[in-house]
Amino acid sequence: MLAGGTASLSGLRERVKEVTGFACRVVNPFENMKLGSAVREGKLRREAPSYLTACGLAMRRFVQ
């Protein structure tokens with residue numbers, strides 16, 4: 062799984078698979094979440110891997 066600001070670089074996923082032999086995908090922490098109407102969905106999709114840590118930290122509040 063690829064996460065972080067560079068995870069969305071064009072061709073990165075394919076190159077990682079080529080070099081390692083393992084399938085991989087770009088993480089989207091907002092997958093299966095209901096989005097508010099004010100959210101710019103296109104921008105969120107492009108930047109989603111950058112928000113993985115922030116989403117994980119925010120979810121800690123609900124798990125405890």
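Counting from 62, one number per residue, gives the positions in the sequence shown under this note's numbering. Idealized CB from N, CA, C, for every residue including glycine. All figures in this text were calculated on a predicted structure; none of them were measured in a lab.
| Query | Result |
| --- | --- |
| Selected residue, minimal CA-CA separation from M62, among S98, V87 and R121 | V87 |
| Coarse secondary structure for L63, derived from DSSP in three states | strand |
| Exposure of A84, with buried meaning 16 or more beta-carbon neighbours within 10 Å | exposed |
| Buried or exposed by the 16-neighbour rule on C-beta atoms within 10 Å, applied to R68 | Note that residue 68 corresponds to Ala in the displayed sequence, not to Arg. Looking at its Cβ environment, which holds 16 or more other Cβ atoms inside 10 Å, A68 is buried. |
| Secondary structure of V87, DSSP reduced to three states | strand |
| Whole-number beta carbon distance between N89 and A119, since they are thought to touch under 8 angstroms | Contact doesn't hold; Cβ gap of about 15 angstroms is too wide. |
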